[in-house]
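A.B. asks:
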Amino acid sequence: MTASIPDISAPSQLEPDDWQAFREQAHRALDAALDHIQQRPEQPVWQEIPDRIKKLNDTPPAAGALLEDIVQEVRDDILPYTLGNTHPRFWGWVHGSGTASGVIAQMMTAVINANMAGRDHAPIYVEAQVIRWMQTLFSLPAGASGIMCTGTSSATLLGLAVARQRAVGSDVRRHGNSANPGLVAYCSQQAHVSVVKAMELLGLGSDALRSVPVNVDYSMDCTAFEEMLCGDLQQGLKPFAVISTVGGVNTGAIDDLVNVNRVCRETGTWHHVDGAFGALAILSDHLKPRLEGIADADSIAFDFHKWMHVSYAAGCLLVRDGAIHRQTFETSAAYLQNETRGLAGGGPWPSEYGIDLSRGFAALSVWFQLKEMGTEKLGTAIYRNCLQAKWFGACVTQSTDLELLAPVALNIVCYRYCHAALSASEHNDLNREIVVELQCRGIAAPSTTSLNGVAAIRVCIANHRTRKADLEELLAATKQIAKELLSTHYSQRLT
Ligand SMILES: *Cc1c(COP(=O)(O)O)cnc(C)c1O
């Protein structure tokens, strides 16, 4: 079939021909979306994906389908097989759980379809507002800057680029790293892999990232950090940044920011905070004191899509010195000239503070969430998760067959099932299998991690839907599944 010649005076072919019919279908789709959220707790947290869904088609559809059929396909093939992070018993990795009103915010975002590179339009001021609110929350001084990005991985990459810019100046933009050998950075052994990736992407290499040992509570050993840094200075290396963590991904540990700040001040090192989820503990008056020193950091990376439950993807970088931030990314392209009036006004544009030119309007979802919930309610939800973790940790400690593997610093509990007859590696196998079973039976979704070689069931409660009863269910299911697995795998030894 040959494509027909388009009629250049007809209305857009990509718009509905019958708005009334479209409207009715759109309302039905919205109802389906809200039904899904409302009924999610009754469904399994996760279920195996059927092969028909995994099977990929080679050819994209040449002819379009009816909207209602596509919505139906989403209902049949996608909604039942999602990750589970909108379910009250999802505690794997670190995922936000979304909110019902997030649906509305995302819908409005689609309607506006803003390109957040720059130009003078209201959405730019919405992002600026979000950034300003965050600067206030973290008590950053006037002159600070910020940019929204897809997540903390990109925020950390941007933050370290700014740190390098401050250390070596604009040289690095022209000549790359070759004119500046010996740049090194520091983070704890518990730091997130995104820090390693950032070093790789900056061309500095992961060997230039020094891994600092941790204390028993998995926070950075600041004495070791200071010694490593001073040793490197004596060797003629150029320490340019330290990445501290507020809310480590394994155990929720918080590094001693005040101490890191002191070392940074004394040595002229940039302090970048990876606060992916933990930084937003600042929203809770109960937790805020734990983040002491964060206001003096040079840059802070964190996510709205984790503990603030904004729809993906919404991360943020804040930089104390906005001028150096801009120097790192500003460009001068002829077609991107600012004007004082008209659409090309309103500079400096966000594109001068990051990598992306075209960028989505994730800021609307953040703005919406903050307007609708307010900082108090959001902070309370965060604190509630920490209390739940504390309660769960205490239950683990009181159970003779369970062992708590790390102090509960924030919202993460690492524990395992124990049996005297099992070896170390059998314990590891058993506990990993318990997690797989919990997931495959659709009961709950913790994840696993390894602490000093010991496999842990890791429960990260960044979920506003979780109630105590959900955690009670996890406790009971852990023990039940453990007993079943023990009797299948090790029945001889247990008798
Ligand atoms: C999730 C996480 C990251 C990465 O953030 P993304 O938004 O997933 O890119 C970095 N650090 C910590 C501590 C995290 O929990």
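Numbering-wise, this note's numbering puts 137 at position 135 of the sequence shown, and it's gapless, one number per residue. The beta-carbon is built from N, C-alpha and C at its ideal position, and this holds for glycine as well.
Sorted by chain position, which residues of the same chain lie with C-beta nearer than 7 angstroms to W135's C-beta, five sequence neighbours on each side aside?
C.D. replies: L372, listed in sequence order.
A.B. asks: Return the chain-ordered list of same chain residues with a C-beta closer than 7 angstroms to the C-beta of L1, the five sequence neighbours on each side being excluded.
C.D. replies: Any question about residue 1 goes unanswered here, given that the chain covers just 3 to 497.
A.B. asks: Roughly how far, in whole angstroms, is the beta-carbon of L380 from the beta-carbon of L289, given that I think they are within contact range, below 8 angstroms?
C.D. replies: Between L289 and L380 the Cβ distance is about 12 angstroms, and since that is not below 8 angstroms, they are no contact.
A.B. asks: Let's test the definition: count the other Cβ atoms within 10 Å of the Cβ of G344 and tell me whether it reaches 16, buried, or not, exposed.
C.D. replies: With fewer than 16 Cβ atoms within 10 Å of its Cβ, G344 is classed as exposed.
A.B. asks: Assuming R416 contacts L407 under a Cβ cut-off of 8 angstroms, what Cβ separation, rounded to an integer in Å, is found between them?
C.D. replies: Before going on, a small fix: residue 416 reads as Cys here, not Arg. That pair is a contact at about 4 angstroms.
A.B. asks: Relative to the alpha-carbon of G153, which residue among G362, P52, R42 has its alpha-carbon at the smallest distance?
C.D. replies: Checking every option, the nearest Cα to that of G153 belongs to G362.
A.B. asks: Would you report the Cα separation of N263 and G295, rounded to the nearest angstrom?
C.D. replies: Distance between the alpha carbons of N263 and G295: 7 angstroms.
A.B. asks: Taking the alpha-carbon positions, what's the L235 to H38 distance?
C.D. replies: If I take the Cα positions, the gap works out to 57 angstroms.
A.B. asks: Return the CA-CA distance between V244 and S213, expressed in angstroms with no decimal places.
C.D. replies: Rounded to the nearest angstrom, the two C-alpha atoms are 10 angstroms apart.
A.B. asks: Grab me the residues of V251's own chain with a C-beta within less than 6 angstroms of its C-beta, minus the 5 sequence neighbours each way, in chain order.
C.D. replies: Excluding residues within five positions, the ones whose Cβ falls inside 6 angstroms are H194.
A.B. asks: Please go through the same chain and pick out, in chain order, the residues whose beta-carbon is closer than 7 angstroms to the beta-carbon of C388, but skip the five residues on each side of it.
C.D. replies: Only L289, L412, N413 meet the Cβ criterion.
A.B. asks: Give me the residue from A12, E70, A181, I133 with the minimum Cα distance to G324.
C.D. replies: The shortest Cα separation from G324 among A12, E70, A181, I133 belongs to I133.
A.B. asks: Below 6 angstroms CB to CB, which residues in the same chain sit around A102 once its five sequence neighbours on both sides are set aside?
C.D. replies: Same-chain partners within the cutoff: I39.
A.B. asks: Using a 10 Å radius around the Cβ and a threshold of 16 neighbouring Cβ atoms, would you call G395 buried or exposed?
C.D. replies: Buried.
A.B. asks: Tell me whether R460 sits in a helix, a strand or coil according to DSSP, three-state version.
C.D. replies: R460: strand per DSSP, three-state reduction.
A.B. asks: Give me, in chain order, the residues of the same chain whose beta-carbon lies closer than 6 angstroms to that of P46; leave out the 5 immediate sequence neighbours on both sides.
C.D. replies: Result list for P46: G444, in chain order.
A.B. asks: What are the boundary residues of the alpha helix (DSSP H) that C272 is part of?
C.D. replies: Sequence inspection shows Trp at residue 272; the Cys mentioned does not correspond to that position. Looking at the DSSP string, W272 is not in any alpha helix (DSSP H); the run it does join, the beta strand (DSSP E), is 272-276.
A.B. asks: Can you tell me whether F394 is helix, strand or coil according to DSSP?
C.D. replies: It is helical.
A.B. asks: I72: which of E475, S11, A28, Y419 sits nearest, CA to CA?
C.D. replies: When only C-alpha atoms are compared, the closest one is A28.
A.B. asks: Give me the Cα-Cα distance between T377 and Q137, rounded to the nearest whole angstrom.
C.D. replies: Looking at the two C-alpha atoms, the distance is approximately 14 angstroms.
A.B. asks: For G317 and H327, which I take to be in contact (beta-carbon distance under 8 angstroms), what is that distance rounded to the nearest angstrom?
C.D. replies: So it is not a contact: roughly 16 angstroms between Cβ atoms.
A.B. asks: Quick one: what's got a C-beta closer than 6 angstroms to P183's C-beta in the same chain, skipping five residues either side?
C.D. replies: Closer than 6 angstroms at Cβ, skipping near neighbours: no residue.
A.B. asks: What does the Cβ neighbour count give for F24, buried or exposed, with the cut at 16 atoms within 10 Å?
C.D. replies: Exposed.
A.B. asks: Cβ of G98 within 8 angstroms of Cβ of W309?
C.D. replies: In contact: G98 and W309 (Cβ atoms closer than 8 angstroms).
A.B. asks: Tell me, please, which residues DSSP counts as bridged to G317.
C.D. replies: Beta-bridge pairing links G317 to C151, D305.
A.B. asks: Nearest-angstrom Cα distance between L206 and A281?
C.D. replies: Their backbone Cα atoms lie some 27 angstroms apart in a straight line.
A.B. asks: The alpha helix (DSSP H) spanning P18 covers which residue range?
C.D. replies: Premise fails: P18 is in no alpha helix (DSSP H) and is neither H nor E.
A.B. asks: Along the chain, where does the alpha helix (DSSP H) that runs through R134 open and close?
C.D. replies: Start and end: 124-139.
A.B. asks: Does the pairing of the segment 448-458 with the segment 426-439 give three or more beta-carbon distances under 8 angstroms?
C.D. replies: Touching, yes.
A.B. asks: Excluding the 5 residues preceding and the 5 following V105 in the sequence, name in chain order all residues of the same chain whose CB lies nearer than 6 angstroms to its CB.
C.D. replies: Counting only Cβ-Cβ distances below 6 angstroms, and skipping sequence neighbours, we find A35.
A.B. asks: If you follow the beta strand (DSSP E) that I245 is part of, which residue opens it and which one closes it?
C.D. replies: Taken as a continuous stretch (DSSP letters only), the beta strand (DSSP E) holding I245 covers 240-247.
A.B. asks: Using a 10 Å radius around the Cβ and a threshold of 16 neighbouring Cβ atoms, would you call T342 buried or exposed?
C.D. replies: Exposed is the call here.
A.B. asks: If you compare alpha carbons, which of N179, D431, N217 is closest to A210?
C.D. replies: A210 has its Cα closest to that of N179, out of N179, D431, N217.
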